[in-house]
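**Student:** Quick one: the structure is below, questions incoming.
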Amino acid sequence: MKKIVIKVELSSHKLKAKAMEIASVADGVTSIAVGEGKDQVVVIGDVDPVKLTSSIRKKVSRNATLILVEEVKPKDDKKPQDLLSVPLPYPYQYYPPLAYTYYW
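Residue numbers (numbering that gives the first Met the number 0): 0 to 103.
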């Protein structure tokens, strides 16, 4: 997985939404966010960064530049194995009152 940061001149909300839409349509995208500066788009996933940048250049802004491409390791979601299983006690069985029972 790669973390790709692309600098785009996002002067309006419409251009920002369009850039996010183009990035989300690309195959292999895991997550999309706006970067630290409001003019950056951060994409995480298995995407070709050059193709993504060129498609944003064609459709949104000619000034889109590729700033950073780095490898991101996925987080390991390990569950703790220290939990002990406690057996539940057998539920108490209630008997009907003696008034409703028959004795032969």
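Just so you know, even glycine gets a beta-carbon here, dropped at the ideal spot from N, CA and C.
1. Please report the straight-line C-alpha distance between residue 17 and residue 48, rounded to a whole angstrom.
2. Kindly indicate which three-state DSSP category residue 25 falls into: helix, strand or coil?
3. Which term fits residue 26, buried or exposed, when burial requires 16 or more other beta carbons within 10 angstroms of its beta carbon?
4. May I ask you to report which of helix, strand or coil DSSP gives residue 16?
5. So, is the C-beta of residue 39 closer than 8 Å to a C-beta in chain D?
6. Grab me the residues of residue 8's own chain with a C-beta within less than 7 Å of its C-beta, minus the 5 sequence neighbours each way, in chain order.
7. Helix, strand or coil: which one does DSSP assign to residue 68?
8. In the DSSP output, what is residue 44 paired with across the bridge?
**Tutor:** Based on what the coordinates show:
1. 17 Å
2. coil
3. exposed
4. Here residue 16 sits in helix by DSSP.
5. The chain labelled as chain D is not found in the depicted structure, where only one protein chain is given.
6. 38, 60 and 62
7. strand
8. 1 and 28
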